[in-house]
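Comments concern the structure below.
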Amino acid sequence: MAQRTLARYLTEEQRDKGIITGDLKFLLEIVSRACQAISVAIGKGGLGGVLGEAGSDNIQGEAQKKLDVLSNEILLEANEWGGHLAAMASEEMDLPHLVPHRFPKGEYLLTFDPLDGSSNIDVNVSIGTIFSVLKCPEGADLSTPQAAEAAFLQPGTAQVAAGYAVYGPTTLLVLSVGDGVAVFTLDREQGSFLLTQDQVRIPADTKEFAINMSNRRFWEEPVRRYVDEMLAGREGPLGKDYNMRWVASMVADVHRIMTRGGIFMYPLDSKMQEQGGKLRLMYEANPMAFLVEQAGGAATTGRRRILDIAPEKLHQRVPVILGSKNEVERVTAYHSM
Ligand code: P6P
566 MAQRTLARYL TEEQRDKGII TGDLKFLLEI VSRACQAISV AIGKGGLGGV LGEAGSDNIQ
626 GEAQKKLDVL SNEILLEANE WGGHLAAMAS EEMDLPHLVP HRFPKGEYLL TFDPLDGSSN
686 IDVNVSIGTI FSVLKCPEGA DLSTPQAAEA AFLQPGTAQV AAGYAVYGPT TLLVLSVGDG
746 VAVFTLDREQ GSFLLTQDQV RIPADTKEFA INMSNRRFWE EPVRRYVDEM LAGREGPLGK
806 DYNMRWVASM VADVHRIMTR GGIFMYPLDS KMQEQGGKLR LMYEANPMAF LVEQAGGAAT
866 TGRRRILDIA PEKLHQRVPV ILGSKNEVER VTAYHSM
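Basically our numbering = 1-based index in the sequence shown + 565.
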């Protein structure tokens with residue numbers, strides 16, 4: 566039997582299960598096509614004149630790559646005309662992008678990190694797009710981009726869908742609309758994402774951790790204790806040998822965990838106490854936490870469930886510990902000892 570396309574999967578979630586609306590189905594199909602276009606641009610690499618720096622910085626003060634800017638533009642242009650969105654917010658833009666008056670407005674809000682892991686672009690390592698969908702609150706003030714920020718400040722539990730595209734040896738779209746996690750593989754000849762895995766489950770235990778070890782001296786004691794216990798291996802208190810991976814592309818590290826389990830940590834560290842963490846809540850931590858929980862995993866800051874956080878700012882940063890449930894619960898428990 567032919568593999569189910571993304572369109573068929575979403576139709577079944579909408580028509581047969583009543584889980585999503587027609588507008589959300591349309592939104593997700595548009596986002597998937599934007600990810601396809603981003604995949605094509607990335608695939609050109611040096612041949613497409615899209616590598617290197619854009620010569621500008623984002624709100625985080627990080628130098629933007631040409632592909633960061635291009636990916637952001639692809640997502641904005643793909644989504645602003647369809648009538649399904651009220652506004653968009655992106656890591657690459659200080660303020661929300663309102664749907665232009667010439668287009669109809671819809672009931673959804675879209676946040677995204679258009680190209681996560683962009684420090685890996687020029688060295689040809691997997692990167693990705695992360696996105697999250699919220700309902701726009703009734704009566705939200707969308708008169709200006711500044712006023713619109715408040716509409717986005719909803720906890721991760723309010724997400725109606727979340728997903729990521731990973732641009733690696735194959736381009737994958739990993740998506741949840743609240744009915745488990747599905748994986749679609751881009752068939753470049755057909756130009757469609759085809760369902761290749763459904764109801765993804767993250768094993769509750771693991772022997773593989775992901776963290777940037779160069780920050781060890783900056784970590785809080787509970788994280789240092791947990792990592793040292795894993796490094797102690799089978800002779801240590803955890804009684805097993807662990808492996809370590811760190812791609813420095815959250816999408817690639819999270820996808821490995823979705824595929825074979827593991828724990829990903831970007832914990833609070835003393836050099837970024839001020840900012841509250843490295844990763845951004847609205848378009849990195851929340852969508853990934855939604856997906857991980859939908860796949861039976863767990864996601865905390867070390868002290869609380871990520872999805873319960875009430876956001877105060879659009880570009881708010883948080884510590885992130887996510888993946889195999891039993892491991893996340895262990896290191897989170899260490900924080901309250
Ligand atoms: P470091 C990429 O810039 C990113 O936001 C995540 O994708 C990734 O997990 C993390 O930062 C890597 O951070 O400090 O190891 O370069």
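Glycine included, every Cβ here is placed at the ideal spot set by N, Cα and C.
Distance, residue j Cα to residue i Cα
i	j	result
L571	L760	7 Å
P702	V765	31 Å
Q579	E786	47 Å
Y899	N891	13 Å
G841	D834	9 Å
Y791	N780	14 Å
M902	G867	12 Å
G798	I828	16 Å
P876	A567	43 Å
G587	Q838	43 Å
S705	L699	Residue 705 is actually Ala in this sequence, not Ser. Approximately 13 Å, taken between the alpha carbons.
L879	E714	7 Å
S564	N637	No information on residue 564 is available, as it lies outside the stretch 566 to 902 that the chain covers here.
E894	A863	8 Å
E645	Q711	18 Å
L641	A775	32 Å
M815	D678	11 Å
R569	L796	43 Å
Residue i CB to nearest heavy atom of ligand 1 below 8 Å
i	result
N689	no
K843	yes
M815	yes
G682	yes
Y732	no
D818	yes
N808	no
W784	no
N831	For the sequence presented, residue 831 should be read as Tyr rather than Asn. Checking every heavy atom of ligand 1 against the Cβ of Y831, one is found closer than 8 Å.
N777	yes
E839	no
N780	yes
E773	no
E657	no
E849	yes
Whole-Å CB distance - residue i paired with residue j, under 8 Å assumed
i	j	result
I695	Y831	Contact flag wrong, Cβ pair sits at about 14 Å.
T735	L751	7 Å
G651	K670	According to the sequence as given, residue 651 is Ala; it is not Gly. Right, their Cβ atoms sit about 5 Å apart.
L846	I886	Incorrect: roughly 14 Å between the Cβ atoms, too far for contact.
L740	L592	Their Cβ separation, rounded to whole angstroms, is 12 Å, which puts L740 and L592 out of contact at 8 Å.
G555	K609	The requested residue 555 is not part of the displayed model; the chain covers only 566 to 902.
S697	P884	Going by Cβ atoms, the distance from S697 to P884 rounds to 18 Å, so no, they are not a contact pair.
R882	K843	6 Å
A727	L589	The pair is not a contact, with the Cβ atoms about 12 Å apart (cut-off 8 Å).
CB contact flag (residue i, residue j, <9 Å)
i	j	result
G721	I822	no
I584	H649	no
V615	L635	yes
A860	I767	yes
A819	V896	The question names Ala, but residue 819 is Val in the sequence shown. Cβ distance not < 9 Å, so V819 and V896 don't count as in contact.
V742	L575	yes
E773	R825	yes
L680	I603	yes
A813	N689	no
G693	Y729	yes
F717	S597	no
L737	V731	yes
V725	Y673	yes
| Going along the chain, which unbroken runs of the alpha helix (DSSP H) with 4 or more residues stay wholly within the segment 838 to 872? | 851 to 859
| query | What are the uninterrupted segments assigned as alpha helix (DSSP H) that are 4 or more residues long and contained completely in the segment 804 to 840, given in chain order? | reply | 815 to 825
| Hey, which unbroken runs of the beta strand (DSSP E) at 3 residues or more fall wholly within the segment 601 to 656? | 618 to 622, 628 to 630 and 650 to 655
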